[in-house]
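For reference, the structure is listed below as structure tokens.
Numbering (this note's numbering), first residue to last: 9 to 509.
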């Protein structure tokens with residue numbers, strides 16, 4: 009057979025890439041313990057950041073290096089020069105770089121996908137946690153997640169793409185459980201304030217009443233912020249198209265077929281005497297929140313999907329869970345964005361751009377238009393440069409979460425035992441708070457892996473899931489959030505102060 013024949017070339021590739029990858033994966037699967045404490049004790053890297061050269065990934069690395077110098081961190085990505093620039097920014101010397109900088113071959117550029125998998129498993133093999141900061145996740149997320157599981161490395165990402173949630177569950181959940189690996193999606197704004205705020209509000213409500221939680225209302229507001237990075241816009245375009253074209257429905261059908269336990273543990277129907285609260289604004293007219301004096305619009309982010317997925321996952325794995333056990337009806341859920349009631353023009357503008365976006369994103373040609381000029385189709389909000397330094401420094405967010413009891417009535421005001429309020433506040437949400445959120449969650453997982461640490465016991469030790477399911481009942485995570493400057497406060501009433509949207 010000629011040396012350069014396709015047959016010989018295939019054999020060479022098997023020898024060079026596939027077989028080493030298989031052997032390495034098999035070795036790790038048998039050698040690395042599934043017990044988190046034992047596994048973490050064997051590894052020298054606390055956190056490795058994949059996608060460390062991207063807009064958000066770079067900020068995650070900077071925050072880790074500047075605020076958590078006691079942690080051992082590493083960086084990982086496809087571009088050697090960009091990784092070197094990040095390492096230089098961190099003042100890493102050559103010796104440090106040899107053990108903390110990992111270059112991954114790029115399968116999307118035409119190289120073998122098995123080569124990329126081998127590089128990823130190698131990079132993660134000595135790490136306790138990988139933070140996956142490179143998106144869009146529907147395009148490049150699964151290889152990273154699969155490599156983390158193969159290396160028995162806990163995983164968190166910044167994903168807000170519901171279809172990837174389903175794809176990852178189908179492809180990796182059972183493998184993650186078998187390996188003892190936690191894989192946590194949506195460890196970012198806006199899902200973390202929404203999920204953990206909802207869990208805290210519901211827990212607080214159940215301390216006050218012997219009934220159940222009938223409804224949860226979440227209102228996101230942002231102050232002194234008018235722009236964001238275009239990467240977020242592109243992911244939203246693809247996600248909306250997936251939902252409107254039927255791709256998301258198809259993936260959810262597959263989940264239903266492959267996870268009969270989700271159907272077996274569906275919640276009971278809501279009692280007829282439970283209050284129908286909260287209400288969600290329609291697609292034409294905004295709502296109004298009297299307590300906060302805010303106009304409200306339905307929030308089209310991934311929060312509702314993440315929260316309901318957490319509830320479903322808890323029911324299927326912890327059937328006697330106090331809040332989300334199989335005997336507990338689900339609360340009504342409304343996630344909204346709040347806008348200054350006095351500024352009717354701003355509300356109308358947001359609705360107009362939203363209507364244009366939702367119309368175009370239903371069609372492939374419309375998606376091409378949106379991708380080609382995010383700044384024009386968002387009224388200048390989404391740009392390639394992202395927020396200015398001034399906005400990053402001065403912008404803040406406030407998320408208002410209200411849990412309503414099953415005996416709530418509209419006459420209940422103030423500190424009634426049928427209502428609980430949680431106010432979540434922090435710095436600029438997308439690129440200042442988000443690195444702090446994912447790091448706070450990571451530190452909670454690291455603490456859970458320390459010998460004898462009882463305060464960080466997590467209800468779920470493994471699986472592909474969400475922050476609410478893993479951390480909603482963990483008091484330490486809220487303390488870690490506070491240490492990062494993101495505050496979850498139980499309040500008797502909401503006071504907006506100067507929180508204008």
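The beta-carbon is built from N, C-alpha and C at its ideal position, and this holds for glycine as well.
Annotated three-state conformation of residue 390 is strand, per DSSP. With a beta-carbon spacing of about 5 Å, residue 375 and residue 245 fall inside the 8 Å limit used to define contacts. Burial of residue 488 is indicated by the presence of at least 16 other C-beta atoms within 10 angstroms of its C-beta. DSSP places residue 241 in the uninterrupted alpha helix (DSSP H) bounded by 238-253. Residues 223 of the same chain have their beta carbon placed closer than 6 Å to that of residue 340, with the five preceding and five following residues left out of the count. In this structure, residue 171 lies near residue 256, with their beta-carbon atoms less than 8 Å apart. In this structure, the beta-carbon distance from residue 337 to residue 284 does not fall below 8 Å. DSSP places residue 496 inside the beta strand (DSSP E), whose first and last residues are 495-499. Comparing alpha-carbon positions, the option among 357, 408, 43 and 475 lying closest to residue 166 turns out to be 475. Here the alpha carbons of residue 368 and residue 228 stand approximately 25 Å from one another.
Boundaries of the beta strand (DSSP E) harbouring residue 435: 427-435, taken from the DSSP string.
When the beta-carbon positions are compared, residue 304 and residue 359 stay at least 8 Å from each other.
Between residue 264 and residue 270, the CB-CB gap stays under 8 Å. Annotation: the segment 161-244 contains the following complete segments of the beta strand (DSSP E) (minimum length 3 residues), in chain order: 162-165, 190-192 and 221-231. In this structure, DSSP gives residue 348 an extended state, which the three-state scheme calls strand. In this structure, residue 294 sits near residue 355, with a CB-CB distance shorter than 8 Å. Short of 6 Å from the beta carbon of residue 98, and not among the five residues preceding or following it, lie these beta carbons of its own chain, in chain order: 73. The beta carbon of residue 156 sits closer than 6 Å to those of 132, 138 and 163, all from its chain and outside the five residues before and after it, given in chain order. Secondary structure note for residue 408: it is in no alpha helix (DSSP H), and the uninterrupted beta strand (DSSP E) holding it is 404-413.
Residue 297 is bridged by DSSP to 302.
Taking C-beta atoms under 8 Å as the contact rule, residue 184 and residue 471 qualify, at a distance of about 5 Å. The beta carbon of residue 69 is closer than 8 Å to those of 57, 60, 81, 83, 94 and 98 in its chain, skipping five residues each way along the sequence. Residue 399 and residue 388 have their C-alpha atoms roughly 14 Å apart.
Membership of residue 58 in the beta strand (DSSP E) is indicated by the continuous run 53-58.
Within the same chain, 368 and 385 come within 8 Å of residue 377 by CB-CB distance, once the 5 residues on both sides are set aside.
Beta bridge pairing from DSSP links residue 341 with 224. Residue pairing by DSSP puts residue 473 in a beta bridge opposite 192.
Note that the C-beta distance between residue 40 and residue 194 is not below 8 Å. Here residue 282 has 222 and 414 as same chain residues with Cβ atoms under 7 Å from its own Cβ, once five neighbours each way along the sequence are excluded. Annotation for residue 241: 382, 386 and 390 place their beta carbon closer than 7 Å to its own, counting only its chain and skipping 5 residues before and after. In the DSSP assignment, residue 90 falls within the unbroken alpha helix (DSSP H) covering 88-97.
Just measuring C-alpha positions, the residue of 455, 427, 396 and 435 sitting nearest residue 217 is 427. About 25 Å separates the Cβ atoms of residue 321 and residue 64, ruling out a contact at the 8 Å cut-off. Taking the C-beta atoms as reference points, residue 243 is found nearer than 8 Å to residue 143.
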